[in-house]
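Below is one structure, written out as structure tokens; comments come after it.
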Amino acid sequence: MSEERIDVKKIKEVIHPSDLLSLSINSYSEFLQLDTEPSKRKNVGLEYVFRSFFPVENYNRTLEYHSYRIVPQKKSYCDCIRDGDTYAASLYLTLSLKSEDSVQKSEVYMGEIPLMTPRASFVVNGVERTVVNQLHRSPGIVFEERFYSFGKRLPLFRIIPDRGVWLEVEFDQNDLLGVTFDTHRRRSPILVTTLLRAWGYETDESILKLFYEPRMLSIAHLLKQSQLTNLVLAEDVLDVKQGRVLAGKYEILSKLLLQNFVEAKIEKIKVIDCGVDGGIIIRCLKNDLLTSAEDAAYAILSIVRPGQSIVRKNALASFRYLFAPENYDLLEAGRYIINEKLGLKDDQRTLQPSDLVAAIRYLYNLRKGEGVIDDIDCLSNRRVRLVGELIGRQCRLGLERLRHTLKERMVSYSQFNNSLQTLMNTKVMAAAINEFFARNQLSQIIDQINPLSEVSHKRRLSALGPGGLNRERAGLGVRDVQTSHYGRICPVETSEGANIGLINSLTTYARINPLGFIETPYRVVKKGVPTDTVHYLTADQEKNEIVAQANAPVDSKGKLVGPVLSRKHFDVYEADPQEVTYMDVSPKQVVSVAAALIPFLEHDDGSRALMGANMQRQAGP
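With the working numbering, letter number 35 in the sequence shown gets 1104, and the count goes up by one each step, no holes.
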């Protein structure tokens, strides 16, 4: 007698949950690129760590990186658990040391790097551990609003890199635009024009061209206009015959001023329409006492590096080094956010002057009431660091500790008496990785009470850890359930006590895209008919769509019966079936794996469901 499984579901599921452990496995596989030839490796993961660190230069020698090789050990992870060993592989780098008259190339052993088991875990000294994914504030740009002590509520923006100095640009009580840096907010800000001068736009004219389009207009044309609002002089107007200045640069045009020009027989003048930004930049230029790029760089460095001796003639090079790829990285996610918000098409992972110009224009529009203030707790401004990225950051930290020692050894290095192996201190990188697994808050012993608790542990999201939040200082806003969590972060399953809202779980169908943003699947709806085509959307992509619930009623022809309970911009309302663009794939896509196993979850009280989801993991066989 054949057994047949009876399905009594009322709602058709067009997709099934993917491999619940694939997030960590795919992330670490991409980090190592173990099965990819060195010449075909992408510039991500371990390859990116080495490419961004090398070359190391010192006087007349340069140490360059070519490729790496990973040699797995013969022991299986089961043998390592039994024998109390670490499941790891040997890492070798191919390096070359170039000098004026010679090139020495060889392979260098860099220590052991852990391997991931098929169960998405690591074996360290015989103990199975997992690395919890970290949910943190995404690099990029954030526009906020702040109430100031001088009685005004004004917009500001903050540019946040993954690595490097933060910038915060805001208005002061004199309506000037100032820039403050991350660790030195209490110090007086510098003018935004000072930052642009240090960036290479040394003259007033070059800065003006970034924001305005100076035009040569005839005096006769200007006199015919009824109003001269927003027009200022782009340069001094001289009376050549009398040898005097009739009007200074940045002076506001008026009918009286134009009459003076007519009397002096001046036919054309160069003017600027400052209506594009309300004259913000012109006001800053008037108050900017620094006139050279060197002076501007020196002023910035004295704020960013207080107490350090700065040589004025080297200030410009030191400033550029602040925003060089070695010290500054927006990640692809940060660049994506900046491009999307400001309408740019740049692909550089460092901050560009064009980013600052576009951000200032957006800031002025916000002040006029145009544009949108960002919600810093929305998932469009938060991303996930998966295991590959977390260990990659630790590898880079280990290499940075090696840099100073490496430069010193390169001075006294002799190719006849030394090998490249003696040049590299291989213990530093291995020690950094071991430190991560032993001490990092995100490296934890796996909860192996039952399969459910193990899967839940590996799909957990933590806002704590290095670069994250502190449980003592985290407020209610960051802990609360957010509308963008729908289908991405479970609103039920979270820790109780001090970590509530800071440690969450991914929902059943959620996945992480290459930029680190959480996506959830939706069925495409065409002309009121739900199709089997599925699109994965981030919180940013979803906000302009009209999304119906999975249990929305359909007729015998599979067409939605209206009005349909839907949501747009994360607000719930009843929509016409023809307006609906997407539909949930399943009712359980809102909750995590553990919460989805609770029967009739929708009838449960929120706090009881939270405790039920947590206790269920302990009670399972």
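Quick reminder that beta carbons are idealized off the backbone N, C-alpha and C, glycines included.
These numbers come from a predicted model, not from an experiment.
Asked: Measuring alpha carbon to alpha carbon, tell me which of Ala1428, Lys1355 and Asp1364 ends up nearest Leu1225.; Found: Ala1428
Asked: Where are the alpha helix (DSSP H) runs, 4 residues long or more, that stay fully inside the region 1416-1503, in chain order?; Found: 1422-1436, 1456-1480 and 1489-1492
Asked: Got a sec, what are the start and stop residues for the beta strand (DSSP E) Ile1068 sits in?; Found: Coverage of the chain is limited to positions 1070 through 1690, which leaves residue 1068 absent and any answer about it impossible.
Asked: Assign Phe1122 to one of three DSSP states: helix, strand, or coil.; Found: helix
Asked: Going by other Cβ atoms of all chains shown within 10 Å of its Cβ, with 16 needed for buried, is Cys1147 buried or exposed?; Found: exposed
Asked: Where do the ends of the beta strand (DSSP E) carrying Thr1602 lie?; Found: Val1598 to Leu1606
Asked: With 16 as the cutoff for other CB atoms within 10 Å, does Thr1272 come out buried or exposed?; Found: exposed
Asked: By Cβ distance, which residues of its chain are closer than 6 Å to Arg1580, with the 5 residues on each side in sequence left out?; Found: Glu1588
Asked: What are the partner residues of Met1652, as DSSP defines its beta bridges?; Found: Arg1592 and Ala1617
Asked: Taking contact to mean 3 or more Cβ pairs, one atom from each stretch, closer than 8 Å, check whether the region 1206-1226 and the region 1235-1252 are in contact.; Found: yes
Asked: Spell out the partners DSSP gives Asn1573 in its beta bridges.; Found: Leu1530 and Thr1563
Asked: Output yes or no for whether 8 Å exceeds the beta carbon distance between Val1561 and Val1641.; Found: no
Asked: Any idea what DSSP makes of Lys1414, helix, strand or coil?; Found: coil
Asked: Tell me whether the beta-carbon of Tyr1156 lies closer than 8 Å to the beta-carbon of Thr1199.; Found: no
Asked: For His1205, report the span of its beta strand (DSSP E) as first-last.; Found: Asn1202 to Arg1206
Asked: Report the CB separation of Pro1230 from Asp1398 in whole angstroms; it is logged as a contact under 8 Å.; Found: 6 Å
Asked: State the Cα-Cα distance for the pair Asp1609 and His1638, rounded to the nearest angstrom.; Found: 10 Å
Asked: Just how far apart, CA to CA, sit Asp1342 and Leu1297?; Found: 10 Å
Asked: Going by DSSP, which residues form a beta bridge with Met1285?; Found: Lys1339
Asked: Is the beta carbon of Thr1657 sitting closer than 8 Å to the one on Thr1552?; Found: According to the sequence shown, residue 1657 is Lys rather than Thr. Not in contact: Lys1657 and Thr1552 (Cβ atoms no closer than 8 Å).
Asked: Taking only beta-carbon positions, decide if Ile1094 is within less than 8 Å of chain B.; Found: Absent here is chain B; the protein component of the structure consists of one chain.
Asked: Check for me: the beta strand (DSSP E) holding Phe1250 runs from which residue to which?; Found: Leu1246 to Phe1250
Asked: Could you check whether the region 1113-1120 touches the region 1458-1472, counting it as contact only if at least three pairs of C-beta atoms, one from each stretch, sit closer than 8 Å?; Found: yes
Asked: Please say whether Met1285 and Lys1324 have beta carbons closer to each other than 8 Å?; Found: no
Asked: With distances taken from CA atoms, which of Arg1151, Pro1422, Leu1223 and Ile1182 is nearest Gly1195?; Found: Arg1151
Asked: By Cβ distance, which residues of its chain are closer than 8 Å to Leu1354, with the 5 residues on each side in sequence left out?; Found: Thr1262, Asp1273, Ile1276, Leu1277 and Tyr1319
Asked: Note down, one range per segment and in chain order, each beta strand (DSSP E) of at least 3 residues found wholly within the region 1161-1186.; Found: 1172-1183
Asked: Less than 8 Å between the beta carbons of Val1125 and Arg1472, yes or no?; Found: yes
Asked: Please classify Phe1388 as buried or exposed, where buried requires at least 16 neighbouring CB atoms within 10 angstroms.; Found: buried
Asked: Using a Cβ-Cβ cutoff of less than 7 Å, which residues in the same chain neighbour Ala1333 once the five nearest sequence positions on both sides are dropped?; Found: Asp1308 and Leu1315
Asked: Between the C-alpha atoms of Ala1393 and Leu1265, what's the straight-line distance to the nearest angstrom?; Found: 16 Å
Asked: Which value, in whole angstroms, describes the spacing of the CA atoms of Met1493 and Leu1466?; Found: 15 Å
Asked: Could you have a look at Ser1295 and say whether DSSP puts it in helix, strand or coil?; Found: coil
Asked: What would DSSP say about Leu1714, mapped onto helix, strand or coil?; Found: The requested residue 1714 is not part of the displayed model; the chain covers only 1070 to 1690.
Asked: For Ala1682, verify whether its CB is less than 7 Å away from any heavy atom of the ligand PLP.; Found: The model depicted lacks the ligand PLP and carries no ligand whatsoever.
Asked: Where does Arg1266 sit, in a helix, a strand or coil, going by DSSP?; Found: helix
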